[in-house]
Amino acid sequence: MREGRWRHAGNTLLCTGRRVLASMDNPTALEAALAVIVLSFKKHAAKGKDPKGLNQEELMNLLNTELPHLMQIPPEEKEKVFAMLDKDGNKSLDFAEFFGLVGALAHMCNCLFQEK
Ligand SMILES: [Ca+2]
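If you're matching positions, the sequence shown starts at 1363 in the numbering used here and goes up one per residue.
Written out as structure tokens, the structure is:
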């Protein structure tokens, strides 16, 4: 399977490479949210040497720009947080490692909603 890229086309989300791999007409909110998670990861990963992974700087940029209300990491904690998320210790967060963070944040939001 070729590497794809999600993009919006009217009410359709397309994952394209040389050919269309998948499309969603009128995606549901959850489908659109999943596409946004993938797009956000790819946008920030594409800025470095490895487009399939986030280095520490790319992760911090992603958190600062995409999740500023949920994740504010003090400078002295950046290395510790990155190391905690980098499960295989290769100094790069692949999508699965990044999604661990997204899942934890979703769980946190769920807990907050239950308290109200
Ligand atoms: Ca890793």
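A virtual CB, placed ideally from N, CA and C, is assigned to each residue, including glycine. Note that this is a predicted model, so its numbers are computed, not measured.
(request) Check the DSSP bridge columns for Met1470 and list the partner residues they point to. (result) Residue 1470 sits at position 108 when you count from the first residue of the sequence shown. Paired residues: none, contrary to the question.
(request) Kindly give me the distance between the Cβ atoms of Lys1453 and Asn1417, rounded to whole angstroms, as I take these residues to be in contact under 8 Å. (result) Translated into the one-based positions of the sequence shown, residue 1453 becomes position 91. Translated into the one-based positions of the sequence shown, residue 1417 becomes position 55. Yes, Lys1453 and Asn1417 are in contact; Cβ-Cβ is about 7 Å, under 8 Å.
(message) Using DSSP's beta-bridge definition, name the partner residues of Asp1412.
(response) In the sequence shown, the residue the question calls residue 1412 occupies position 50. According to DSSP, Asp1412 bridges with nothing at all.
(message) For ligand 1, is there any heavy atom lying closer than 7 Å to the beta carbon of Ser1454?
(response) For the purposes of this step, residue 1454 is taken as residue 92 along the sequence shown, with counting starting at 1. Checking the Cβ of Ser1454 against ligand 1 gives yes.
(message) I'd like to confirm something about Glu1420: is its beta-carbon nearer than 7 Å to some heavy atom of ligand 1, or not?
(response) As a working note, residue 1420 is residue 58 in the sequence shown. Because no heavy atom of ligand 1 lies under 7 Å away, the Cβ of Glu1420 does not count as near it: no.
(request) Note down the Cα distance separating Asp1450 from Glu1459, rounded to an integer number of angstroms. (result) The residue you call residue 1450 lines up with position 88 of the sequence shown. The residue you call residue 1459 lines up with position 97 of the sequence shown. Cα to Cα, the separation comes out at about 9 Å.
(request) Put Leu1421 into one of helix, strand or coil per three-state DSSP. (result) Here residue 1421 refers to the residue found at position 59 of the sequence shown. Note: Leu1421 maps to helix in three-state DSSP.
(request) Using a Cβ cut-off of 8 Å (strictly closer), state whether Lys1449 contacts chain C. (result) Here there is only one protein chain, and chain C is not present.
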